[in-house]
Amino acid sequence: MSLRCLSHKDFGDLSMNIIGSFLTMKVKYYMTLPHHKDGFCWYNDLSEAKPHYAPVKCYNILQFFSLRGRSTTISIGNIAPIHGISYCYFADGKYFMKHYRGWSYEDLYKSEDEALRILKARIDAKQVWLMFTLQNISDMTEALKRVYKSQFKEEGKLDYKLFIELMDVICKYEEYRDYGKNLTGFKTCCNIFDKKLNELWSKAKLNKK
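So the sequence shown is residues 1 to 209, counted in our numbering.
Take a look at the structure:
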């Protein structure tokens, strides 16, 4: 039915259906969180999150990132926060659920946002788990396959931990080449980065999935 042909009653019914659908989605979301009060949602144990989420221990804030779109190579311009990614942090005997606020790679090192500082501190304290959905896992798997194929010109899948380490080193190297080109020891540092990357790619080849 065209919106132009809707009567006031039809339009009202449509609006109520939309609102009802939204409320249903919200209720279903909270049903995956067995405990919620005063704006806080939590699990008493991460096993309660299954099968809606697959908890992944967070040891590097770059785990909140993946390749942008259909990108095949790792670079600062080709990575972006995982869409809609959530995480849990452990405090007071509970696992509190939060959404990543979409901080960019540049924000990680330049932003003075207190919430970002707290998240980084919790990661350093080993108190954070990413909450991957099935879609997140599927998207990450495809990204790992694209990077492997781009690098080695054959089918395969990059190891997830190596992907995170490569992303970390490649992005830091990219930044260093920009700001460090006039610094003493620039070539030496570049050689160190190159050696580290060669080691990681060699390990990736040996650990083909």
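Every residue gets a Cβ at the ideal spot worked out from N, C-alpha and C, and that includes glycine. None of the values given here were measured: they were computed from a predicted structure.
Which term fits residue i, buried or exposed, when burial requires 16 or more other beta carbons within 10 angstroms of its beta carbon?
i      : result
Asn136 : buried
Asn191 : exposed
Ser66  : buried
Lys57  : exposed
Tyr173 : buried
Phe186 : exposed
Tyr179 : exposed
Leu158 : buried
Glu112 : exposed
Cys130 : A small fix is needed here, since residue 130 is Leu in this sequence, not Cys. Leu130 comes out buried.
Ile118 : exposed
Leu134 : exposed
Between the options, which has its C-alpha nearest residue i's C-alpha?
i      : options                           : result
Leu62  : Tyr89, Leu162, Ser71 and Asn44    : Leu162
Gly156 : Arg122, Leu166, Asp168 and Glu142 : Glu142
Asp124 : Leu134, Asn198, Ser150 and Phe90  : Phe90
Leu200 : Ser71, Ile164, Met140 and Lys120  : Ile164
Lys94  : Phe40, Pro81 and Ser86            : Phe40
Lys208 : Asn198, Cys171 and Glu154         : Glu154
Tyr100 : Lys110, Glu114, Glu106 and Ile82  : Ile82
Arg68  : Lys203, Thr188 and Leu144         : Leu144
Ser202 : Met140, Gln151, Gly102 and Glu106 : Gln151
Ala54  : Glu106, Met140 and Gly102         : Met140
Tyr87  : Lys126, Lys110 and Glu114         : Lys126
Quick check: the Cα distance between residue i and residue j, rounded to an integer number of angstroms?
i      : j      : result
Ser47  : Met97  : 14 Å
Asp92  : Lys205 : 42 Å
Arg146 : Leu116 : 30 Å
Ser104 : Lys50  : 29 Å
Ser75  : Met167 : 7 Å
Ile85  : Lys120 : 16 Å
Leu108 : Arg70  : 23 Å
Asn60  : Lys196 : 18 Å
Leu183 : Val169 : 19 Å
Tyr43  : Val128 : 13 Å
Gly77  : Lys149 : 19 Å
Phe193 : Asp45  : 40 Å
Thr72  : Ser138 : 16 Å
Ile79  : Cys171 : 10 Å
Phe64  : His36  : 24 Å
Lys181 : Asp38  : 52 Å
Phe132 : Gly102 : 16 Å
Arg122 : His52  : 23 Å
Tyr176 : Glu106 : 14 Å
Lys110 : Tyr160 : 26 Å
Can you tell me which residues form a DSSP beta bridge with residue i?
i     : result
Cys41 : His36
Ile79 : Leu67
Lys57 : Trp129
Check whether chain B comes within 8 Å of residue i, counting only Cβ atoms and requiring the distance to be less than that.
i      : result
Gly102 : Given the protein chain composition of this structure (a single chain), no chain B is represented.
Within the stretch 86-147, ranges of the beta strand (DSSP E) (whole runs, at least 3 residues): Restricted to the stretch 86-147, the beta strand (DSSP E) segments that are unbroken, complete and at least 3 residues in length are 86-91, 94-99 and 128-132, listed in chain order.
Runs of alpha helix (DSSP H) wholly within the stretch 145-190 (minimum 4 residues, chain order): 160-179
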